[in-house]
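Data block below; observations after.
In this note's numbering, the protein residues as written are 15 to 447.
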């Protein structure tokens, strides 16, 4: 109930109003203090303001906003309007009339309202009970009824008034809002052959019931071997459960073992990959170090050694060697003659002292075989070899050295990239290169 001290208050019923399906019901509502409300706007609505059940305005009924299901079923007792009462009649009560209603008054800009609850109840058909046959070591009995509102409370009881608690129950509501019910009970004891199905409307407290007698022949006949069969069946179920548990445990153990093996295999692959990456990084660092070493070593040579220009001696050249006009380069001549063992050429100048280096450019170096060496000054200049006091280093690649007899103590031969650079360090003693 809403209250206002400006004009009036609206008073409705504080207790729920019960209506029977198919009957008529009156919803009371009034203003306080009592006054003539014929010139006011009066509205009854269901749940929401837009769900108009009845509208009274300009001293007459307004049907434009009224819900279709209330057309022709509602009316207002106009004789009581002069006393401040708006009594609404609802005819032929339906299940959907159940719920909350609001009585609304408006006078100018002032309005007030009050709410009340309508409970609709209806008792449907009496229960119909019948036997459907044996089931689960007993007899299945079904109870059916329809046309109830709200849902009826189902109860099964024996002749001794003992209640059965274990039964199934299904409720279905039709388009009119009424409920049908189907309850099934399995009677297992022959001592409970008289059973009763009862339906109770919780609002009206009205009950309908039907009893049935179950003949002895409907109960399953017990066999002498049934107990043994049930025992064997129970034992087999236990064995199956034990086997399933053991199988699951074995499967779990194998899965764990497989996961551990995969983990070890994955760790091994990761270690192998890390090792390969480390070796790759080491090789890259070594290559970078070699490159830096060659660059810095070349600069060091140029700083510590003197460049030496070589003039080739054509008279000491092998017949298959062609000397350039400036006598600074030599080329192998393609010929069918056997070149023999000693295909060499000497330089004209000798080295007596100091630290010297010279740069040699090799064309087609990847398809050529060549060597570099030094000879004593008194060698015959027709050719140079070890037997003639000539010492050479074959397959010059990298940094190598060789020992010399006499006053020449040591010669150092090395190569760099790109090209080839050779350095020679001697003590005083005239030698040819």
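Just so you know, even glycine gets a beta-carbon here, dropped at the ideal spot from N, CA and C.
Taking the C-alpha atoms as reference points, what is the distance between residue i and residue j?
i: residue 213; j: residue 164; result: 12 Å
i: residue 256; j: residue 272; result: 24 Å
i: residue 40; j: residue 112; result: 13 Å
i: residue 37; j: residue 234; result: 49 Å
i: residue 201; j: residue 139; result: 24 Å
i: residue 124; j: residue 33; result: 32 Å
i: residue 144; j: residue 169; result: 15 Å
i: residue 87; j: residue 29; result: 23 Å
i: residue 408; j: residue 360; result: In this predicted model, residue 408 has a pLDDT of only 42, less than 50, meaning its place in the structure is not dependable enough to derive any value.
i: residue 192; j: residue 106; result: 15 Å
i: residue 293; j: residue 286; result: 10 Å
i: residue 298; j: residue 330; result: 45 Å
i: residue 304; j: residue 339; result: 37 Å
i: residue 262; j: residue 269; result: 10 Å
i: residue 114; j: residue 225; result: 38 Å
i: residue 180; j: residue 44; result: 50 Å
i: residue 207; j: residue 148; result: 13 Å
i: residue 121; j: residue 24; result: 12 Å
i: residue 283; j: residue 275; result: 12 Å
i: residue 519; j: residue 363; result: Because the chain in this structure spans residues 15 to 447, residue 519 falls outside the shown range and cannot be described.
i: residue 417; j: residue 390; result: Summary for residue 417: the model assigns pLDDT 39, below 50, so the residue's position carries little reliability; its value from the coordinates is reported in the next sentence. The alpha-carbon atoms of residue 417 and residue 390 are separated by roughly 14 Å.
i: residue 347; j: residue 301; result: 37 Å
i: residue 245; j: residue 146; result: 29 Å
i: residue 60; j: residue 221; result: 30 Å
i: residue 344; j: residue 306; result: 32 Å
i: residue 334; j: residue 328; result: 11 Å
i: residue 52; j: residue 128; result: 18 Å
i: residue 441; j: residue 291; result: Confidence in residue 441 is poor, its pLDDT being 34 and thus under 50, which makes the residue's placement unreliable; the coordinate value appears in the next sentence. The alpha-carbon atoms of residue 441 and residue 291 are separated by roughly 49 Å.
i: residue 2; j: residue 227; result: Limits of the chain in this structure are 15 at one end and 447 at the other, which puts residue 2 out of reach.
i: residue 93; j: residue 186; result: 43 Å
i: residue 35; j: residue 188; result: 15 Å
i: residue 279; j: residue 373; result: 55 Å
i: residue 266; j: residue 289; result: 34 Å
i: residue 49; j: residue 31; result: 25 Å
i: residue 253; j: residue 260; result: 10 Å
i: residue 258; j: residue 281; result: 34 Å
i: residue 7; j: residue 95; result: Because the chain here runs from 15 to 447, residue 7 falls outside it and cannot be looked at.
Measuring alpha carbon to alpha carbon, tell me which of the options ends up nearest residue i.
i: residue 232; options: 386, 137 and 150; result: 150
i: residue 349; options: 336, 359, 340 and 361; result: 336
i: residue 215; options: 167, 64 and 369; result: 167
i: residue 199; options: 289, 157, 372 and 370; result: 157
i: residue 54; options: 345, 197 and 22; result: 22
i: residue 210; options: 65, 108 and 141; result: 141
i: residue 83; options: 248, 110, 95 and 58; result: 110
i: residue 119; options: 154, 46 and 153; result: 46
i: residue 203; options: 220, 225 and 178; result: 178
i: residue 366; options: 266, 126, 388 and 77; result: 388
i: residue 134; options: 266, 218 and 368; result: 218
i: residue 65; options: 247, 116, 264 and 205; result: 116
i: residue 324; options: 377, 296, 386 and 252; result: 386
Helix, strand or coil for residue i per DSSP?
i: residue 273; result: helix
i: residue 102; result: strand
i: residue 224; result: strand
i: residue 281; result: helix
i: residue 265; result: helix
i: residue 341; result: coil
i: residue 96; result: helix
i: residue 74; result: strand
i: residue 404; result: Because residue 404 sits at a pLDDT of 48, beneath the cut-off of 50, its placement in the model cannot be relied upon, and the point is left open.
i: residue 331; result: coil
i: residue 121; result: strand
i: residue 255; result: helix
i: residue 87; result: coil
i: residue 80; result: strand
i: residue 206; result: helix
i: residue 196; result: strand
i: residue 245; result: helix
i: residue 108; result: coil
i: residue 232; result: helix
i: residue 322; result: coil
Closer than 8 Å, CB to CB, is residue i near chain D or not?
i: residue 48; result: No chain D appears in the structure shown, which is made up of a single protein chain.
Just checking my contact of residue i with residue j at CB under 8 Å: how many whole Å lie between their CB atoms?
i: residue 101; j: residue 91; result: 4 Å
i: residue 195; j: residue 223; result: At roughly 13 Å, the Cβ-Cβ gap does not stay under 8 Å, so residue 195 and residue 223 are not in contact.
i: residue 342; j: residue 326; result: 7 Å
i: residue 172; j: residue 182; result: Going by Cβ atoms, the distance from residue 172 to residue 182 rounds to 18 Å, so no, they are not a contact pair.
i: residue 162; j: residue 136; result: 7 Å
i: residue 108; j: residue 190; result: 7 Å
i: residue 68; j: residue 80; result: 7 Å
i: residue 130; j: residue 26; result: 4 Å
i: residue 357; j: residue 332; result: 4 Å
Taking only runs of the beta strand (DSSP E) that begin and end inside the stretch 127-190, which ones reach a length of at least 3 residues, in chain order?
-> Segments of the beta strand (DSSP E) lying fully in the stretch 127-190: 142-149, 152-162, 167-172 and 182-187.
Completely contained beta strand (DSSP E) runs for the stretch 15-56, where each covers 3 or more residues | 23-26, 31-34, 39-41 and 43-46
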